[in-house]
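Step one of this worksheet: look at the structure below.
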Amino acid sequence: MRLFYTRIFTLGLLVMGLLLSSCSSVDDEDASLLPSPLPDFETTLKIKPLWSVGTSASIKGAFSRIQPAIAYDKVYVVGSSGIVEARAIETGKKIWSTETGAFIESGVAAASNIVVVGSEEGEVIALDAKTGKELWRNLVSSEILSPAAIGEGFVVVRTVDGKLFGLDAKSGERKWFFDRNVPILTLRGTSSPIISRGAVVAGFDNGKVALFLLENGKPIWEKRIAQSAGRSELERIVDMDAKPLLVGDSLYAVTYNGNIASINVRTGQVNWQREMSSFQNISTDGLRLYITTADDEVKALSINGGATFWTQKSLLNRKLSAPVVAGDYVVVTDFEGYIHWMSVKDGHFVKRQHLTSSGISGNPVVKGRYLAIQGRDGDLMMVKIPETTYQ
14 MRLFYTRIFT
24 LGLLVMGLLL
34 SSCSSVDDED
44 ASLLPSPLPD
54 FETTLKIKPL
64 WSVGTSASIK
74 GAFSRIQPAI
84 AYDKVYVVGS
94 SGIVEARAIE
104 TGKKIWSTET
114 GAFIESGVAA
124 ASNIVVVGSE
134 EGEVIALDAK
144 TGKELWRNLV
154 SSEILSPAAI
164 GEGFVVVRTV
174 DGKLFGLDAK
184 SGERKWFFDR
194 NVPILTLRGT
204 SSPIISRGAV
214 VAGFDNGKVA
224 LFLLENGKPI
234 WEKRIAQSAG
244 RSELERIVDM
254 DAKPLLVGDS
264 LYAVTYNGNI
274 ASINVRTGQV
284 NWQREMSSFQ
294 NISTDGLRLY
304 ITTADDEVKA
314 LSINGGATFW
324 TQKSLLNRKL
334 SAPVVAGDYV
344 VVTDFEGYIH
354 WMSVKDGHFV
364 KRQHLTSSGI
374 SGNPVVKGRY
384 LAIQGRDGDL
394 MMVKIPETTY
404 Q
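Counting from 14, one number per residue, gives the positions in the sequence shown under my numbering.
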């Protein structure tokens, strides 16, 4: 039932019926749906924000997962109104601000000296990462809900109608697209593609992940991670909204109502898989995978076989972000604006911070020793991550 409180579905009339039916279920199951209270623990991590500032990047959409990006000694943020800002990573000082005039849902991507955002109307907009000057914009088929992939001369975006577009990074010219049918009922969201070694990996709403040639979009292989099953439309949702994770030749992917799997990226063969339900990105420290499940358990899994190292169950129903690895710690945020720090070793809590009562949008972002978190009201916090000591 948690689904009704964290996601929107694509069919308007069906949504209304589902929400109405869920109301009676909530009355019957209040205890299981209420957010867990904040856990008590002894704070053992002494850390303060490097800086915290207000920005123009406020979030209006109730289900937007907009998040910042870190690159070129800057942190880039965007709000629903389309204002993109660049701030100095060490001080938070504003370097530039650009109004795109578009309603943004995708969050920011920054690489190859450009900053890219995607709009509700299907516009892909590229700005100069140094100056904020608009370089190009191009229209794709529909709404863009996840950050683009940038690399090797391309910008690749996923749209809500099941398409994958490859655009020239310098001009925005469309080079190719791939079309995949969208199931009748899906979660509101799409996974971000990834670019690596002349190829693109993307997940789709039918529970499949696929590898494409970057140059022309030609499919190389496609693998189903989850099979639609169950008596109801809800039970048959197997969206892959989590960004695939590539570690060496192993690709990790997870679906809602399905599985988490390790796949050989060269052959498409499954190394291992186990049952798991999530719509959040996976992270890793090279030894373990960290994942937030659909019911807000945080888990650490073996990167080689998927065995569970530990599970943190004290944050159920708090609408957690994806976990990120910050040195010796795993960090998640929640709907009340709290930032939870856990030990990578066993998942025990070491620190809790509060950014904003408006809640936190999207996922925390880590680059090197910097951790950036964006509040729904536009507040932006930067934390300098302590040096790693645990192996």
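Virtual Cβ for every residue (Gly too), placed ideally from N, Cα, C.
Computed from a predicted model, the values in this text were never measured in an experiment.
If you draw a 10 Å sphere on the C-beta of residue 302, you find 16 or more other C-beta atoms in it, and that means buried.
The three-state secondary structure of residue 300, taken from DSSP, is coil.
Straight across, the Cα-Cα distance linking residue 226 with residue 385 is about 32 Å.
Of the candidates 311, 165 and 137, the residue whose Cα lies closest to the Cα of residue 159 is 137.
Inside the segment 55-126, DSSP marks whole beta strand (DSSP E) runs of 3 or more residues at positions 64-66, 82-84, 87-91, 96-101, 107-112 and 122-124, from first to last along the chain. Rounded to whole angstroms, the separation of the alpha carbons of residue 239 and residue 268 is 7 Å. Between residue 157 and residue 179, the C-beta spacing is not below 8 Å.
When secondary structure is reduced to three states using DSSP, residue 227 falls in the coil class, being assigned neither helix nor strand.
By the Cβ criterion, the segment 50-70 is not in contact with the segment 332-339, since fewer than three pairs of Cβ atoms, one from each stretch, lie closer than 8 Å.
Membership of residue 275 in the beta strand (DSSP E) is indicated by the continuous run 271-277. As DSSP reads the structure, residue 164 sits in a beta bridge with 167. Membership of residue 352 in the beta strand (DSSP E) is indicated by the continuous run 351-356.
A distance below 6 Å between beta-carbons, with the five flanking residues on each side excluded, links residue 126 to the following residues of its chain, in chain order: 142. Residue 388 is a Cβ neighbour of residue 373, given a cutoff of 8 Å.
In the DSSP assignment, no residue is bridged to residue 193. DSSP lists 352 as the bridge partner or partners of residue 346. Annotation for residue 267: the continuous beta strand (DSSP E) segment containing it runs 263-267. Annotated three-state conformation of residue 46 is helix, per DSSP. The shortest CA-to-CA distance from residue 401 to any of 395, 324, 381 and 393 is the one to 381.
Around the beta carbon of residue 92, 16 or more other beta carbons lie within 10 angstroms, which makes this residue buried.
Judged by their CB atoms, residue 162 and residue 153 are not nearer to each other than the 8 Å cut-off. Straight-line measurement puts the Cα of residue 82 at about 27 Å from the Cα of residue 325.
Residue 131 is bridged by DSSP to 137.
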